[in-house]
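Some notes on the structure that comes next.
Protein chains: 2
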Amino acid sequence: MTWTPQDDPDRSPEVPAGKTRDALRAAHLYYMQDLTMDAIAAELHTSRSSVSRLLSHARASGLVEISIHSPLDLPSRLEQEILARHEIAAHVVPVPDQASDVDRLDRVALSAARILGRFIDSNQLVGVAWGSTMSAVSRHLVPKSTHNSEIVQLNGAGNLRTTGILYASELLRRFGDAFGAKVQQFPVPAFFDDPATKEAFWRERSTKRLLELQGRLDVALFGVGSPFAEVASRVYQGGYLEREDYAALSADGVVGDVATVFYRADGSSEGIPLNERATGPDFGVLRRAPRRICVVSGRAKLPSLRGAIAAGLITDLITDEGTARALVEHA
Amino acid sequence: MTWTPQDDPDRSPEVPAGKTRDALRAAHLYYMQDLTMDAIAAELHTSRSSVSRLLSHARASGLVEISIHSPLDLPSRLEQEILARHEIAAHVVPVPDQASDVDRLDRVALSAARILGRFIDSNQLVGVAWGSTMSAVSRHLVPKSTHNSEIVQLNGAGNLRTTGILYASELLRRFGDAFGAKVQQFPVPAFFDDPATKEAFWRERSTKRLLELQGRLDVALFGVGSPFAEVASRVYQGGYLEREDYAALSADGVVGDVATVFYRADGSSEGIPLNERATGPDFGVLRRAPRRICVVSGRAKLPSLRGAIAAGLITDLITDEGTARALVEHA
DNA sequence: AACTCGCGTGCACAAACGTGCAAGGAGACC
DNA sequence: GGTCTCCTTGCACGTTTGTGCACGCGAGTT
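Same order as they appear, the protein sequences are chains A and B. If you read the first sequence in our numbering, its first letter stands for residue 1, the second for the next number, and so on. If you read the second sequence in our numbering, its first letter stands for residue 1001, the second for the next number, and so on.
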């Protein structure tokens, strides 16, 4: 076996080039030529188990891409219905209705992570919000190497008890790693206590730079928060909000949030005091991104989802079947 | 289970739409969500074996597409060498050197069939030659639905003993089926006995129509024939040529043929008498096709391959590793 | 030098998968 | 209505694949 000295330069934990090469070859033999792993092991002079692991590696690292095309004459009823009704390209993830909410989230996140590669490309600015949904997605991303793209954090993540930085930065880092992109953190709390502090912060040059990036995103990626659903979202259980904030939201008729910016059922977000202290981008700013992908799982989030749609925040939707069905059974 | 009356309209042997739908759903669950077939069986209210079969169907019918991307920093040495040296986009199929020639052919054909989908698209005119290589490829094609594309037979297939029509038409039909394309047969012998007959035939309107199609192909697909290799190609064993033809070829310094048109090592094809009686397209005509894909397996065909390259017939090459390696180890 | 830590390997076992086969069901034809 | 044929289904079996574990090697540390 000839030894090539250089390492695979595009992976952070250095993977020997030989491994990638073997994985590539194994993948060819397995997926293009239908050999069994045993046969491949013989060709590569290794054991079958190693081949199994090589193939896992090949899939996990994006060397092998598996995509599913519905024939054009048979796109999911739901997807075309959603397109017709809301002008949103939907990706419906099949999940049985009796599945638990955690299952549902996992499965939607897994599917979402795997189709995200289609949306993210070189030379793009990608805004990512954080929350339980995005966190689940981030754990399943399939690497895809891009050049000159950046991941931009959409909203702050600090709270009363912890800085939250770890949680959010871990999430962002996973995106950065997966796409070989630079990560732009936004080291502020999720909500300021005092709007004035926010304003002051917003005048800082480092903040301005970030806001400027947010203003010219190519892709925005987010979930929706659902303050009053049984399954509370990250923002609503992590000590980010006080009891009185909660009450205020309720009084204002808030149905959800995107990147910690709240809105009502009609999509409006003006006059909600908490937004003055929130760190997420204005919807006006967010809407400048040509592609705005929303990942939602669970019917409990339906009202929030409807609100986000009403606000015109979404161009692409990834959601489970039950939620999609509920969405088109119009209220 | 709701019953939808209409059938899947794009498959010749009618497949119920329900089946495609189930296959699609199974594929999502299997490939996007990593469920086991057991779990999928439960969701679809069927048995695990049926799920296994659904998934096979999904793969075989192109619902699921598996592609392999080499990282851009690690394209096969061979492929980039061939590109640099011959300006040909090569696809090297890994095959161990000690593999038998039949194995080699099978494996190259299988891989070729699976990547062909990338080259053939809607609204295209695709010329296909026939021979053992193309026949092997045709047996593994993965369907891809296209609109308004046509498959055009490049050369006649009759010989002294049989009309050869069955063989060639079966091959062409498989291509047509796989891409949902109309098939244009070319019902003439591989070689006329008398050049005059050919000329007469060439004045027929039906022939002219076909030649006109051949003149504006978008893609041409062919193998290379190798008259003097141990493993004789279809043309050289099927009773298409007489002993004296053979001798004449040898005397003319012929090293191979593409679609029954012969050429020398330097790529020239002028002054080879047999070509006056052959039914394949002139290289001048062939070269009008912007994309000309050649599938070759086995080092025995190397001289023929070199000749075809010298003649400028090839823009894309699909071949086994050994042949590719031999190609760059320049003679 | 000895030790530890991390990583890759093969083994062995369990889980997951493909497929021949027989049974059942839906037309089609008589 | 019968019956013949073709297709689909689930079962059972053998094969193929994933993975915990123990071992061994090499790099870095004391």
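Where a beta carbon is used, it is the ideal one built from N, C-alpha and C, also for glycine. Quick caveat: nothing in here was measured; it's all calculated off a predicted structure.
(1) State yes or no: is the beta carbon of I1334 (chain B) nearer than 8 angstroms to at least one beta carbon in chain A?
(2) Considering only residues of the same chain and omitting the five flanking positions on each side of T1323 (chain B), which have a CB-CB separation below 8 angstroms?
(3) Keeping to the same chain, check which residues put their C-beta closer than 7 angstroms to that of T207 (chain A); ignore five residues upstream and five downstream.
(4) Would Q214 (chain A) and L154 (chain A) qualify as a contact pair, given that the criterion is a beta-carbon distance under 8 angstroms?
(5) Give the residues of chain B in contact with D34 (chain A), contact being defined as C-beta atoms less than 8 angstroms apart.
(6) Which residues in chain A have a C-beta closer than 9 angstroms to the C-beta of E1065 (chain B)? List them in chain order.
(7) How would you write the range of the beta strand (DSSP E) that D257 (chain A) sits in, first residue to last?
(8) If you run the structure through DSSP and keep just helix, strand and coil, what is R296 (chain A)?
(9) Please determine if the segment 1089 to 1104 of chain B and the segment 1119 to 1127 of chain B are in contact, where contact requires at least 3 C-beta pairs separated by less than 8 angstroms.
(10) Give the straight-line distance between the Cα atoms of Q184 (chain A) and H45 (chain A), rounded to the nearest whole angstrom.
(11) How far does the beta strand (DSSP E) with A278 (chain A) in it extend, from its first residue to its last?
(12) How many Å lie between D252 (chain A) and L1024 (chain B) at the Cα?
(13) In angstroms, rounded to a whole number, what distance separates the CA positions of G225 (chain A) and H1069 (chain B)?
(14) For a cutoff of 8 angstroms on Cβ pairs, would you count H57 (chain A) as touching chain B?
(15) At the level of alpha carbons, what is the spacing between F1192 (chain B) and I1314 (chain B)?
(16) To the nearest angstrom, report how far apart H1028 (chain B) and R1325 (chain B) are at their CA atoms.
(17) Within 10 Å of its beta-carbon, does L1072 (chain B) have 16 or more other beta-carbons around it, so buried, or fewer, so exposed?
(18) Between which residues of its own chain and T279 (chain A) is the CB-CB distance below 8 angstroms, once the five residues before and five after are set aside?
(19) Going straight from the alpha carbon of N1275 (chain B) to that of L1241 (chain B), what length do you get?
(20) A109 (chain A) and H140 (chain A) - do their beta-carbons sit closer together than 8 angstroms?
(21) Using the Cα positions of S145 (chain A) and D1257 (chain B), report the straight-line distance between them to the nearest angstrom.
(22) How many whole angstroms separate the CB atoms of V255 (chain A) and R264 (chain A), which I take to be in contact at a CB cut-off of 8 angstroms?
(23) Could you give the DSSP three-state label for R1021 (chain B): helix, strand or coil?
(24) Can you say whether R1114 (chain B) is buried or exposed, counting buried as having 16 or more other CB atoms within 10 angstroms of its CB?
(25) Start and end of the beta strand (DSSP E) containing K1182 (chain B)?
(26) Compare the C-beta of T20 (chain A) against all C-beta atoms of chain B and say whether one is closer than 8 angstroms.
(27) Enumerate in chain order the residues of its own chain whose CB-to-CB distance from A1112 (chain B) is below 6 angstroms, with the five nearest sequence positions on each side excluded.
(28) List the residues of chain A that R1025 (chain B) touches, going by C-beta distances under 7 angstroms, in chain order.
(29) Tell me the residue span of the beta strand (DSSP E) that contains S1067 (chain B).
(30) Could you tell me which of A:S76, A:F175, A:V93, A:V51 sits nearest to R149 (chain A), measuring between CA atoms?
(31) Name the chain A residues that come within less than 8 angstroms of H1028 (chain B), Cβ to Cβ?
The relevant details are as follows:
(1) Residue 1334 (chain B) lies beyond the stretch modelled for chain B, which goes from 1001 to 1331, so this question has no answer here.
(2) Cβ-Cβ distances below 8 angstroms link T1323 (chain B) to V1296, S1297, G1298, R1299, K1301, L1302, L1305 in the same chain, with the five nearest sequence neighbours on each side left out; the list follows chain order.
(3) Sequence-distant partners of T207 (chain A) (beyond 5 residues in either direction) whose C-beta falls short of 7 angstroms from its own C-beta, in its chain, are F201.
(4) A distance below 8 angstroms separates the beta carbons of Q214 (chain A) and L154 (chain A).
(5) Counting only Cβ-Cβ distances below 8 angstroms, D34 (chain A) has contacts in chain B at L1110, in chain order.
(6) By Cβ distance, chain A contributes E65, I66, S67, I68, H69.
(7) Its beta strand (DSSP E) spans residues 254 to 258.
(8) Correcting the residue identity first, residue 296 (chain A) is Val in this sequence and not Arg. In the three-state DSSP reduction, V296 (chain A) falls in the strand class (E or B).
(9) No: the two stretches stay apart, fewer than three of their Cβ pairs being nearer than 8 angstroms.
(10) Each residue's Cα considered, the two are about 44 angstroms apart.
(11) Element bounds for A278 (chain A): n/a, residue is neither H nor E.
(12) The alpha-carbon atoms of D252 (chain A) and L1024 (chain B) are separated by roughly 44 angstroms.
(13) Rounded to whole angstroms, G225 (chain A) and H1069 (chain B) show a C-alpha spacing of 36 angstroms.
(14) Closer than 8 angstroms: no.
(15) If you draw a straight line from the Cα of F1192 (chain B) to the Cα of I1314 (chain B), it comes to about 26 angstroms.
(16) Using only the alpha carbons, I get a separation of about 39 angstroms.
(17) The residue is exposed, with fewer than 16 neighbouring Cβ atoms inside 10 Å.
(18) Once the five neighbours on either side are set aside, the close Cβ partners of T279 (chain A) are N155, G156, F186, V188, P189, A190, F191, F192, K198, T260.
(19) Cα to Cα, N1275 (chain B) sits roughly 12 angstroms from L1241 (chain B).
(20) Cβ atoms of H140 (chain A) and A109 (chain A): closer than 8 angstroms.
(21) The straight-line gap from Cα to Cα measures roughly 42 angstroms.
(22) That pair is a contact at about 6 angstroms.
(23) Judged by DSSP in its simplified three-state form, R1021 (chain B) adopts helix.
(24) The residue in question, R1114 (chain B), is buried, as its Cβ has 16 or more Cβ neighbours within 10 Å.
(25) Element bounds for K1182 (chain B): 1182 to 1184.
(26) It does; some Cβ of chain B falls within 8 angstroms.
(27) Answer for A1112 (chain B): V1137, V1295, I1318, listed in chain order.
(28) Near R1025 (chain B) (Cβ distances below 7 angstroms), the residues of chain A are P94.
(29) Unbroken beta strand (DSSP E) run through S1067 (chain B): 1064 to 1068.
(30) One detail in the question is off: residue 149 (chain A) reads as Ser in this sequence, not Arg. The candidate whose alpha carbon is nearest that of S149 (chain A) is A:F175.
(31) What H1028 (chain B) touches in chain A: I68, V93, P94, S111.
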